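Everything below concerns the one structure shown next.
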Amino acid sequence: MNTPILKTILVGTGVLALAVMSAQAQEDRFSKVKIEATDLGGGVYMMTGSGGNLGLSTGADGAFLIDDQFAPLSEKIKAKIATLSETSVRFLVNTHWHGDHAGGNANFGKDGAIIVAHNNVRKRLSTDQFMKAFNREVKAAPAAAWPVITFADEISFYQNSQSIHIFHVSNAHTDGDAMIYFENADVLHMGDVFFNKMYPYIDIGSNGSINGVIAAQERALAMITDDTKIIPGHGPLASKADLESTLAMLKAVRTTVLKTITEGKSADEAVAADPLFEFNEQWGKGFINPERMVRGVYADLSGG
């Protein structure tokens with residue numbers, strides 16, 4: 038056989054094999070994931086699986102879903118919703134663009150769900166992105182995954198006997214974050230503006246910032262009560278006290294890392310100094326470990 042042709046066949050076969058292996062690995066990753074639901078009252082639920090926490094409102098007007106995790110989990114999520122709601126998803130709200138929150142958009146969009154998000158979520162889903170913290174390129178999502186209703190500041194829905202208020206918080210986890218408040222049920226979904234009981238991921242590549250996260254959490258605290266149930270982007274169902282504790286930690290982290298910058302330390306020197314040592318035992322066991330937290334906040338505050 039002609040050598041160039043043989044090389045082409047071998048390379049093509051190798052690429053195909055890698056694609057098959059990648060698909061198999063993804064299938065294995067999600068095969069054992071179980072979608073769970075916690076009843077928060079008023080027909081509102083917090084749902085968990087793999088990825089960001091979901092919110093769900095059920096009732097006569099149709100299922101109202103917040104986020105949808107990864108695409109391979111869509112059928113499991115739909116099956117769980119079917120046990121809680123007599124109707125399929127009518128509206129799907131994205132708290133931001135990341136794949137562990139909006140990865141299933143196309144699957145729900147093709148089923149007729151109306152996708153709603155901040156303007157910047159549509160911009161990011163419809164174009165190639167780069168996640169700086171993980172050095173990872175993310176290709177644009179298919180058109181079926183793009184929000185068809187977008188907003189700049191806020192939008193309200195009146196569904197299932199709930200007044201649902203959605204509002205943008207700028208440059209927090211990303212530049213397209215939204216928090217969703219179910220007024221009647223007194224439930225607030227904060228998306229990744231709030232990681233409960235762990236260091237947060239702040240996507241500075243998507244114009245996120247620690248100052249924006251702190252401001253967003255302060256805004257949330259100003260509108261809730263001791264009885265409000267809070268759905269964080271990641272972590273267990275939270276209370277006002279949990280949010281207050283997280284906010285205090287973030288302010289301390291900001292002050293501590295900023296000190297390393299004003300002292301003239303490089304990012305590597307700041308990491309070596311272990312400035313978050315007093316917080317790491319309580320907060321550093323999530324997927325953002327202490328080093329990633331220091332480097333991320335350092336890069337944000339230094340403009341590096």
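Mapped onto this note's numbering, the consecutive letters of the sequence shown carry residue numbers 38 to 341. Even glycine gets a Cβ: it sits at the ideal position worked out from N, Cα and C. Computed from a predicted model, the values in this text were never measured in an experiment.
Counting other Cβ atoms within 10 Å of its Cβ, Asp240 reaches 16 or more and is therefore classed as buried. The C-alpha of Val158 lies about 22 angstroms from the C-alpha of Met84. Under the three-pair Cβ rule at 8 angstroms, the region 140–149 counts as touching the region 101–115. Residue pairing of Leu129 in beta bridges, as defined by DSSP: Leu102, Ile152. Judged by DSSP in its simplified three-state form, Thr292 adopts helix. Relative to the Cα of Asp214, the nearest Cα in the group Asn233, Phe194, Asp190, Asp223 belongs to Asp190. Excluding residues up to 5 positions away in sequence, Ile151, Ile152 lie with their Cβ nearer than 7 angstroms to the Cβ of Val185 in the same chain.
Contact between Ala222 and Val81 holds: their C-beta atoms lie close to 4 angstroms from each other, under 8 angstroms. Annotation for Met84: no alpha helix (DSSP H) segment contains it, though the beta strand (DSSP E) segment containing it runs 81–85. Using a C-beta cut-off of 8 angstroms, the region 154–173 makes no contact with the region 245–257, since fewer than three inter-stretch Cβ pairs fall below that distance. Only residues of its own chain outside the window of five on either side were considered, and among them Tyr335, Leu338, Ser339 have a CB closer than 7 angstroms to the CB of Ile298, listed in chain order. With a 10 Å radius around the Cβ and a threshold of 16 neighbouring Cβ atoms, Arg161 comes out buried. By the criterion of a C-beta distance shorter than 7 angstroms, Ser87 is surrounded in its chain by Phe67, Val70, Gln106, Phe107, Leu110, once the five residues flanking it on both sides are discounted.
Here the C-alpha atom of Ile203 lies approximately 9 angstroms from the C-alpha atom of His155. Contact check for Met286 against Ala257 fails: the beta carbons are separated by 8 angstroms or more. Residue pairing by DSSP places Pro269 opposite Gly228 in a beta bridge. CA-to-CA, the gap between Arg127 and Val331 works out to about 41 angstroms. Taking C-alpha positions only, Thr95 is separated from Asn197 by approximately 6 angstroms. In terms of Cβ geometry, Leu284 and Gln254 form a close pair [threshold 8 angstroms]. For the pair Phe171 and Gly79, the CB atoms are not nearer than the 8 angstroms cut-off. In this structure Gln199 is buried. Its beta-carbon is surrounded by 16 or more other beta-carbon atoms within 10 angstroms. His133 places its beta carbon less than 8 angstroms from that of Asp229. Under the 10 Å beta carbon count, Gly245 is surrounded by 16 or more other beta carbons and is classified as buried. Rounded to the nearest whole angstrom, the CA to CA distance from Glu315 to Ala289 is 10 angstroms. Per DSSP, reduced to three states, the secondary structure at Gly341 is coil, with no helix or strand assignment. Annotation: the continuous alpha helix (DSSP H) that includes Met260 extends over 247–260. Membership of Thr187 in any alpha helix (DSSP H) is not indicated; the residue belongs instead to the beta strand (DSSP E) covering 186–188.
Residue pairing by DSSP puts Glu191 in a beta bridge opposite Phe204.
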